[in-house]
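Add 112 to the 1-based position in the sequence shown for this note's numbering, that's all there is to it.
Glycine is no exception: its CB is placed at the ideal position from the N, C-alpha and C atoms.
What follows is one structure encoded as structure tokens, with my remarks underneath.
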Amino acid sequence: MTEKYDLHCHSNVSDGVLSPTELVRRAHGQGVTALALTDHDTTAGLDEAKTAATEVGVKLIAGIELSASWKDKTFHIVGLGINPDYPPLFDATRQLQLIRFERAEQIAAKLEKKRIPGALEAVTKAAGDSMITRTHFADFLVSHFHVSSQQDAFDRYLAKGKPAYVATAWAEMELAVNWIIQSGGVAVLAHPLRYKLTPKWMNRLLTAFKQAGGQGIEVVTGRCNADEIKLAAKYANDFELAGSVGSDFHNPANQWIELGRLAPLPVNVKPVWELFG
Ligand code: AMP
Ligand code: MN
Ligand code: MN
Ligand code: MN
């Protein structure tokens, strides 16, 4: 049987909308046979996802999407086939939750200066035990009519260079890659074209990522065109990285991105799943 992979998505333990169970069931309904749950900086949804996956007969790959810093910029590293109980990785998720809470306090303070009070209370309540993300702030700004949409919230307040942006020192990329590898996983550079790097900086990033032990790069993502796939495939082959495919699904209301709705991985790219143990 040929598998249908989706190796990047989010549940409501980070900034996704569906519970891990709902997410797995939806993936199954979309024909996905092998799914990686990759919540931002947390593995808290994996147990529930595993149970649901066993029930419907989906292969669940334990994943995470780690926020990482390299040269003072933020990058996302997806870990696939990790062991969430590996102590350094688990401890890192606890630390990242703290970093995220402290960042949330700073974002809320900046919003308050813009005469938008109440954000911290709202996002802590909405996130509960899970990770507070900028998506939670975006939802707060929408529901209180400060902006018209999530995108508008990022464009006017939350994106880099906007009034409520807070630069964050995440774990250094080398360290994040190490946690993933040491726990038994494969480290994959997420959505490489979203960082808007020049070719020169992309080469530097991929060189450093390789040196750190990175083994994969996302080649097919949820909403990419043929040229983007071609470029990412070139990066994969130039740097001898395996190619991954992942929708980055967050929310069923987003009609552009669906679980498992992915172009095939180009045949000249080594599939990342060949590296799974
Ligand atoms: P955080 O990791 O808390 O900084 O939040 C990052 C998340 O916000 C990403 O994973 C996306 O889901 C979302 N995000 C980032 N930039 C944008 C944007 N320009 N528009 C909509 N969502 C965004
Ligand atoms: Mn997200
Ligand atoms: Mn990401
Ligand atoms: Mn993601």
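Helix, strand or coil at residue i according to DSSP, with G and I counted as helix
i: T333; result: strand
i: E217; result: helix
i: L270; result: helix
i: P196; result: coil
i: A161; result: helix
i: L172; result: strand
i: V254; result: helix
i: G141; result: helix
i: P275; result: coil
i: D118; result: strand
i: E177; result: strand
i: L147; result: strand
i: P304; result: helix
i: A281; result: coil
i: F76; result: Here the chain comprises residues numbered 113 to 389, so residue 76 is not present and cannot be evaluated.
i: V235; result: helix
i: W182; result: strand
i: H362; result: coil
Closest Cα partner of residue i within the set the options
i: E115; options: H122, H152 and G169; result: G169
i: F388; options: G355, M243 and A302; result: G355
i: G273; options: G143, K185 and L371; result: K185
i: L317; options: W385, N337 and S181; result: S181
i: V381; options: A299, Y347, S123 and A265; result: Y347
i: A140; options: D197, H188, P200 and T166; result: Inspection of the sequence shows that residue 140 is occupied by His rather than by Ala. For the residues D197, H188, P200 and T166, the minimum Cα distance to H140 belongs to T166.
i: M243; options: A302, I292, E370 and V129; result: V129
i: V384; options: A324, G193, L374 and F257; result: G193
i: V300; options: E134, R306, K312 and Q327; result: Q327
i: V235; options: K225, A220, R227 and E224; result: A220
i: A283; options: L270, I292 and Y198; result: I292
i: S123; options: A156, A288 and Y198; result: A156
i: A338; options: A375, G240, D264 and Q367; result: A375
i: K171; options: T145, Y198 and T163; result: T145
i: A288; options: K226, E386 and T205; result: T205
i: G334; options: H362, P311, K225 and G325; result: H362
i: T133; options: H303, E160 and P311; result: E160
CA-to-CA distance, residue j to residue i, given in whole angstroms
i: L119; j: R268; result: 31 Å
i: H152; j: E177; result: 5 Å
i: A190; j: S255; result: For clarity, residue 190 is Val in the given sequence; the question names Ala instead. Spanning the two alpha carbons is a distance of roughly 30 Å.
i: P364; j: G143; result: 16 Å
i: G358; j: G372; result: 8 Å
i: E340; j: N349; result: 14 Å
i: V259; j: E352; result: 43 Å
i: D251; j: A216; result: 14 Å
i: V379; j: K342; result: 11 Å
i: A148; j: T247; result: 21 Å
i: C336; j: L309; result: 17 Å
i: L377; j: I329; result: 12 Å
i: T150; j: F321; result: 19 Å
i: A279; j: E214; result: 12 Å
i: A344; j: N315; result: 12 Å
i: I369; j: S261; result: 17 Å
i: V125; j: A174; result: 14 Å
i: L201; j: L135; result: 24 Å
i: N290; j: A231; result: 35 Å
i: K222; j: A271; result: 13 Å
Residue i: CB within 8 Å of a non-hydrogen atom of ligand 3
i: D203; result: no
i: H188; result: yes
i: E233; result: no
i: E340; result: no
i: R138; result: no
heavy atom of ligand 4 below 8 Å from residue i C-beta
i: A302; result: yes
i: D360; result: yes
i: E370; result: no
i: E177; result: yes
i: T155; result: no
i: T150; result: yes
Distance cut-off 8 Å: residue i Cβ against heavy atoms of ligand 2
i: H120; result: no
Checklist entry - Which residues count as close to ligand 5 when the rule is a CB under 6 Å from any of its heavy atoms, in chain order? => result Among the ligands in the structure shown, ligand 5 does not appear; only ligand 1, ligand 2, ligand 3 and ligand 4 can be found there.
Checklist entry - Where are the beta strand (DSSP E) runs, 3 residues long or more, that stay fully inside the region 307 to 354, in chain order? => result Taken in chain order, the complete beta strand (DSSP E) segments of 3 residues or longer contained in the region 307 to 354 are 328 to 333.
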